[in-house]
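Asks: For reference, the structure I am asking about is given below.
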Amino acid sequence: LAKTTQPISMDSYEGQEVNITCSHNNIATNDYITWYQQFPSQGPRFIIQGYKTKVTNEVASLFIPADRKSSTLSLPRVSLSDTAVYYCLLSGEKLTFGTGTRLTIIP
Amino acid sequence: SAVISQKPSRDICQRGTSLTIQCQVDSQVTMMFWYRQQPGQSLTLIATANQGSEATYESGFVIDKFPISRPNLTFSTLTVSNMSPEDSSIYLCSVDPSGDTDTQYFGPGTRLTVL
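Structure follows, in structure tokens:
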């Protein structure tokens, strides 16, 4: 069963770029890497998904090295509203959420 | 995408009783999932509920404790049976509309407190 590891918490100032890394050494060949954002009292919300290399959408970028043993979520120019818990999820046969990273944006 | 609602949003229950949580989706989906999220923790998958088949439970979760119904493609229920304080948690349902890319849409969750 693949497992993921993320930093428990991170702080950043408004306007900065934030990079959150997820380690998944035992990722399976058919696993996609998906990141979710969760605010208090809400269900997780899909941010971005990738399989390899780089994926970018209107809110974030996802960097995945060739060995796929880690992935990095990049949030450009964060604001206070980006304060949330961010989860890394491996799909494939088992839906396994990471430990989550509590990101706090400081004014 | 999909819009998901859950009922109730929260409840306080007595030990030994049961609570049924409803999950309604605004579109037909094959794959639905039920998760538990204990305070300050990550999400743990309880079971996968596909319409037309029995729910598939993850290790540590059993049908007698968490019976699931999936009567159609837009609705599911999860019952938490014979509750104890250890069952106090947030219960979330999610769906994967595409069925192949593992992109899930989550409901708002049901916050359960067992006294």
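First to last, the protein sequences are chains Y and C.
Position 97 of the first sequence, counted from 1, bears residue number 97 in this note's numbering, the numbering being contiguous throughout.
Position 44 of the second sequence, counted from 1, bears residue number 1044 in this note's numbering, the numbering being contiguous throughout.
Glycine included, C-beta positions come from ideal geometry on N, C-alpha and C.
These numbers come from a predicted model, not from an experiment.
For a contact defined as C-beta to C-beta under 9 Å, what are the partners of L1045 of chain C on chain Y?
Replies: Walking along the second sequence from the start, residue 1045 of chain C turns up at place 45. Under the 9 Å cutoff, chain Y gives K94, L95, T96 and F97.
Asks: Assuming F63 of chain Y and K54 of chain Y form a contact by the criterion Cβ under 8 Å, report the distance between their Cβ atoms to the nearest whole angstrom.
Replies: Your numbering for residue 63 of chain Y matches position 63 in the first sequence. Your numbering for residue 54 of chain Y matches position 54 in the first sequence. Between K54 of chain Y and F63 of chain Y the Cβ distance is about 5 Å, and since that is below 8 Å, they are a contact.
Asks: In three-state DSSP terms, what is Q1071 of chain C?
Replies: Counting from one through the second sequence, the residue named residue 1071 of chain C turns up at place 71. This sequence places Pro at residue 1071 of chain C; Gln is not what is there. P1071 of chain C: strand per DSSP, three-state reduction.
Asks: To which residues of the same chain is S1104 of chain C closer than 8 Å at the C-beta, ignoring the five residues directly before and after it?
Replies: As a position in the second sequence, residue 1104 of chain C is number 104, starting the count at 1. The question names Ser, but residue 1104 of chain C is Gln in the sequence shown. If we look at Q1104 of chain C and ignore the five residues flanking it on each side, its Cβ neighbours are F1033, S1094, V1095 and D1096.
Asks: Counting contacts by CB-CB distance shorter than 8 Å, is Y1057 of chain C in contact with chain Y?
Replies: On the second sequence, position 57 is the one that residue 1057 of chain C refers to. No - not a single Cβ of chain Y is within 8 Å of the one on Y1057 of chain C.
Asks: Along the chain, where does the beta strand (DSSP E) that runs through A28 of chain Y open and close?
Replies: On the first sequence, residue 28 of chain Y is found 28 positions in, with the first residue counted as 1. No beta strand (DSSP E) holds A28 of chain Y; DSSP gives it neither H nor E.
Asks: Do I33 of chain Y and Q49 of chain Y come within 8 Å of each other at the CB atom, strictly closer than that value?
Replies: On the first sequence, residue 49 of chain Y is found 49 positions in, with the first residue counted as 1. On the first sequence, residue 33 of chain Y is found 33 positions in, with the first residue counted as 1. In this structure, I33 of chain Y lies closer than 8 Å to Q49 of chain Y by Cβ.
Asks: Using 8 Å as the threshold, is the C-beta distance between P1039 of chain C and Q42 of chain Y below it?
Replies: Here residue 1039 of chain C is taken as the residue at index 39 of the second sequence, counted from 1. Here residue 42 of chain Y is taken as the residue at index 42 of the first sequence, counted from 1. No; because the gap between Cβ atoms is not below 8 Å, this pair is not in contact.
Asks: At the 8 Å Cβ level, is P7 of chain Y part of the contact set with chain C, yes or no?
Replies: Within the first sequence, the letter at position 7 stands for residue 7 of chain Y. Cβ-Cβ to chain C under 8 Å: no for P7 of chain Y.
Asks: What does P1097 of chain C reach in chain Y if we use C-beta pairs closer than 8 Å?
Replies: Here residue 1097 of chain C is taken as the residue at index 97 of the second sequence, counted from 1. Taking a Cβ-Cβ cut-off of 8 Å, P1097 of chain C has no neighbours in chain Y, whose nearest Cβ is about 11 Å from it.
Asks: Please confirm if the region 1012-1031 of chain C is in contact with the region 18-37 of chain Y, defined as three or more CB-CB distances below 8 Å between the two stretches.
Replies: no
Asks: Excluding the 5 residues preceding and the 5 following I27 of chain Y in the sequence, name in chain order all residues of the same chain whose CB lies nearer than 7 Å to its CB.
Replies: For the purposes of this step, residue 27 of chain Y is identified with residue 27 of the first sequence, where counting begins at 1. Cβ within range, chain order: A2, R68, K69 and L90.
Asks: Pull up the CB-CB distance for S1009 of chain C and R1111 of chain C, whole angstroms please, since I reckon it's below 8 Å.
Replies: The residue you call residue 1009 of chain C lines up with position 9 of the second sequence. The residue you call residue 1111 of chain C lines up with position 111 of the second sequence. Taking C-beta atoms under 8 Å as the contact rule, S1009 of chain C and R1111 of chain C qualify, at a distance of about 7 Å.
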